[in-house]
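Enquirer:
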Amino acid sequence: MIFNIKNSIIDFSGLFPTYSEGFSWEYYKHNGQVFNNYIHLWSDIYKELGDDDRYTDFSRFCTMLAIYLNHIRTKNIKNIQSCCKYFYYKLNKYIIEKFSPKCINPYDCYKKMAAKRVQKLYISISEICLKSINYPQDIDESIFPIFVKVDNLYNAFTKLNTVKPPSKSNLDDFRWSMKQLETHQNEYNETFIKFLADVNNLFINFVKGLDIIDLGVEGVLCYIKMEEREKGILKIKQSMSVQDSVTETATNADTYKDEDIGVGTGMGIGFLSFSILIIYTPYFSFLQTRVRKLRRVMKKNNICNLDLMHASNVEYKNSIDDTYKIV
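Quick note on numbering: our numbering labels position 189 of the sequence shown as 211, and the sequence is numbered without any gaps.
(1) Keeping to the same chain, check which residues put their C-beta closer than 6 Å to that of Lys259; ignore five residues upstream and five downstream.
(2) In terms of residue numbering, what span does the alpha helix (DSSP H) encompassing Trp198 cover?
(3) Tell me which same chain residues have a C-beta within less than 8 Å of the C-beta of Ile150, skipping the five on either side of it?
(4) Using 8 Å as the cut-off, can you tell me whether the stretch 199-213 makes contact with the stretch 161-181, which would need three or more C-beta pairs spanning the two stretches below that distance?
(5) Would you mind reading off the limits of the alpha helix (DSSP H) that contains Gly54?
(6) For Asp130, report the span of its alpha helix (DSSP H) as first-last.
(7) Taking the beta carbon of Asn211 as the centre, do at least 16 other beta carbons fall within 10 Å, making it buried, or is it exposed?
(8) Whose C-beta lies closer than 8 Å to the C-beta of Gly44 among residues of the same chain, with five residues either side of it excluded?
(9) Closer than 7 Å: is that where the CB of Lys153 sits relative to any heavy atom of the ligand MN?
(10) Rounded to whole angstroms, what's the CA-CA distance from Glu249 to Ala219? Just pull it up for me.
(11) Distance, Cα to Cα, Pro188 vs Lys100?
(12) Could you please give the first and the last residue of the uninterrupted alpha helix (DSSP H) stretch that includes Lys69?
(13) Please list, in chain order, all residues of the same chain as Phe34 whose beta carbon is under 6 Å from its beta carbon, the five residues on each side excluded.
(14) In angstroms with no decimal places, state the Cα-to-Cα distance between Ile145 and Ile117.
(15) Check this for me: beta carbons of Tyr132 and Lys190, under 8 Å apart or not?
(16) With DSSP run on the structure shown, which of helix, strand or coil describes Glu139?
(17) Express the C-alpha separation of Leu232 and Leu193 in angstroms, rounding to a whole number.
(18) Since Tyr49 and Met86 should fall inside the 8 Å C-beta cutoff, what is the C-beta to C-beta distance between them, to a whole number of angstroms?
(19) Excluding the five sequence neighbours on either side, which residues of its own chain have a C-beta within less than 7 Å of the C-beta of Trp47, listed in chain order?
(20) With DSSP run on the structure shown, which of helix, strand or coil describes Ser164?
(21) Residues in the same chain with beta-carbon distance under 6 Å from Lys124, minus the five sequence neighbours each way, listed in chain order, please.
(22) State the Cα-Cα distance for the pair Ile352 and Thr184, rounded to the nearest angstrom.
(23) By Cβ distance below 7 Å, which residues in the same chain neighbour Val170 in space, the five residues on each side in sequence not counted?
(24) Would you report the Cα separation of Tyr60 and Asp75, rounded to the nearest angstrom?
(25) Please say whether Lys181 and Ile67 have beta carbons closer to each other than 8 Å?
(26) Report the residue from Glu163, Lys153, Val221, Lys112 whose alpha carbon sits nearest the alpha carbon of Phe179.
(27) Using the three-state DSSP reduction, which class does Gln207 fall into: helix, strand or coil?
(28) Please classify Gly254: is it buried, with 16 or more other beta-carbons within 10 angstroms of its beta-carbon, or exposed?
(29) Within a Cβ cutoff of 8 Å, which residues of the same chain sit near Val268, ignoring the five residues on either side of it in sequence?
(30) Which residue from Asn156, Ile235, Ile155, Cys84 puts its Cα closest to that of Lys134?
(31) How should Ser42 be labelled, buried or exposed, when 16 other C-beta atoms within 10 angstroms of its C-beta is the threshold for buried?
(32) Below 8 Å on the Cβ atoms is my contact criterion, and I expect Leu243 with Ile234 to pass it. Report the Cβ-Cβ distance as a whole number of Å.
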């Protein structure tokens, strides 16, 4: 069951991380009296909407949706319509796609959920997104894939920002998630570019907050170029006009890896040229001293750039202390 496509207008400003800040979609993090009280709401709804034996999963997802509605209601979020569109995306993902319930569309499911009450427990479903969204005019199914990618970006940044010690794999996940959204720059309005810039600024602040003496930090910083530390990893298409806060810099993990290979190849060619000069020119003693100095500098800065000519004999540790051998 899907929505009718209407329009793709959405205000992305302030969406990240506001729409999920301070909220987790992992149900076990909400275990407690409030969660248990909501469980009592779903038996009648399940009988009306469901037609299989997965009541436990159904009730958990419904409870998460109900708690999220309370989250955006109590936070007094200004961009409530965008958060409600995100709610419908989650309802579609967790209820429509998983259970194929007996309702016309997510809006219809939501109305039936909101109509239920448990008087003794004073438990009900907030109607905030019934009042804030004009269905179907304000609902556009084509926005849902973007919310999937926004979710991925939010989760990737959260892991990068909170998991200690920081790891290259989490950094790569964040780069990839950002790149997935960069490809949609021409599909939406200026608020989408501002949204990407906000995330980029969060990354810049994350890097500034790293302390090189902390465990694992040096191993991650060496994969972040100096320009990226100052301007972030967001790459804006030149055809787009954006605010000064948006920074332009080359990014994504694949490009970064290709550049690493190019750097290693360039080093090999450079050393070969020096070797020829040392052997076949009268400036042997002059060059020899400088080559030694250059080699000392290269060795000192070789934390991230493993010698590609001898890669098969090199063992290294990543930022979470797992040892690997390049074969």
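No residue lacks a Cβ here, since even glycine has one placed at the ideal position from N, Cα and C.
Expert: Here's the rundown:
(1) Translated into the one-based positions of the sequence shown, residue 259 becomes position 237. Closer than 6 Å at the Cβ level, and outside the excluded window around Lys259, lie Gln207.
(2) One-based indexing of the sequence shown puts residue 198 at position 176. 190-204 is the span of the alpha helix (DSSP H), which, as asked, contains Trp198.
(3) On the sequence shown, residue 150 is found 128 positions in, with the first residue counted as 1. Answer for Ile150: Leu91, Ile94, Arg95, Ile102, Cys106, listed in chain order.
(4) yes
(5) The residue given as residue 54 occupies position 32 in the sequence shown. Where Gly54 is concerned, there is no enclosing alpha helix (DSSP H), given that its DSSP letter is neither H nor E.
(6) Here the question's residue 130 lines up with position 108 in the sequence shown. It spans 128-136 - the alpha helix (DSSP H) in which Asp130 sits, taken as one unbroken run.
(7) For the purposes of this step, residue 211 is taken as the residue at position 189 of the sequence shown. That one is exposed.
(8) The sequence position of residue 44 within the sequence shown is 22, counting from 1. Closer than 8 Å at the Cβ level, and outside the excluded window around Gly44, lie His93, Lys97.
(9) The ligand MN is absent from the structure shown, which contains no ligand whatsoever.
(10) Reading the sequence shown from its first residue, position 227 is the one you call residue 249. Reading the sequence shown from its first residue, position 197 is the one you call residue 219. Approximately 16 Å, taken between the alpha carbons.
(11) Position 166 of the sequence shown, counted from the first residue, corresponds to residue 188. Position 78 of the sequence shown, counted from the first residue, corresponds to residue 100. Using only the alpha carbons, I get a separation of about 33 Å.
(12) Mapped onto the sequence shown, residue 69 falls at position 47. Start and end: 64-71.
(13) Here residue 34 is taken as the residue at index 12 of the sequence shown, counted from 1. Answer for Phe34: Thr213, Phe214, Phe217, listed in chain order.
(14) As a working mapping, residue 145 is identified with position 123 in the sequence shown. As a working mapping, residue 117 is identified with position 95 in the sequence shown. Straight-line Cα distance between these residues: approximately 20 Å.
(15) Taking the first residue of the sequence shown as 1, we reach residue 132 at position 110. Taking the first residue of the sequence shown as 1, we reach residue 190 at position 168. Contact: no.
(16) Looking up residue 139 in the sequence shown gives position 117. Note that residue 139 is Arg in the sequence shown, not Glu. Correct three-state label for Arg139: strand.
(17) What you label residue 193 is simply residue 171 of the sequence shown in a count that begins at 1. What you label residue 232 is simply residue 210 of the sequence shown in a count that begins at 1. Using only the alpha carbons, I get a separation of about 13 Å.
(18) Here the question's residue 49 lines up with position 27 in the sequence shown. Here the question's residue 86 lines up with position 64 in the sequence shown. That belief holds up - the Cβ atoms of Tyr49 and Met86 are roughly 6 Å apart, short of 8 Å.
(19) Taking the sequence shown and counting its residues from 1, one reaches residue 47 at position 25. Excluding residues within five positions, the ones whose Cβ falls inside 7 Å are Met86.
(20) Indexing the sequence shown from 1 puts residue 164 at position 142. Helix at Ser164.
(21) As a first step, residue 124 must be located in the sequence shown, where it is residue number 102. For Lys124, where only same-chain residues beyond five positions count, the Cβ hits under 6 Å are Leu71.
(22) Because the chain in this structure spans residues 23 to 349, residue 352 falls outside the shown range and cannot be described.
(23) The residue labelled residue 170 in the question sits at position 148 within the sequence shown. For Val170, where only same-chain residues beyond five positions count, there are no Cβ hits under 7 Å.
(24) Working through the sequence shown from its first residue, we reach residue 60 at position 38. Working through the sequence shown from its first residue, we reach residue 75 at position 53. Rounded to whole angstroms, Tyr60 to Asp75 spans 19 Å at the Cα level.
(25) As a working mapping, residue 67 is identified with position 45 in the sequence shown. As a working mapping, residue 181 is identified with position 159 in the sequence shown. For Ile67 and Lys181, no; Cβs fall outside 8 Å.
(26) Reading the sequence shown from its first residue, position 157 is the one you call residue 179. The shortest C-alpha separation from Phe179 is found at Val221.
(27) Along the sequence shown, read from residue 1 onward, the residue named residue 207 stands at position 185. Of the three classes helix, strand and coil, the one that applies to Gln207 here is helix, per DSSP.
(28) The residue you call residue 254 lines up with position 232 of the sequence shown. That one is buried.
(29) Counting from 1 along the sequence shown, the entry for residue 268 is found at position 246. Annotation note: pLDDT 43 at Val268 (below 50); position unreliable, coordinate value reported separately. Here the set comprises Ile215, Lys216, Leu218, Ala219, Asn222, Leu256, Ile258.
(30) Within the sequence shown, numbered from 1, the residue matching residue 134 stands at position 112. Checked all of Asn156, Ile235, Ile155, Cys84; the closest Cα to Lys134 is Cys84.
(31) Taking the first residue of the sequence shown as 1, we reach residue 42 at position 20. By the 10 Å Cβ count, Ser42 comes out buried.
(32) The residue given as residue 243 occupies position 221 in the sequence shown. The residue given as residue 234 occupies position 212 in the sequence shown. Leu243 to Ile234, Cβ: 7 Å. Contact.
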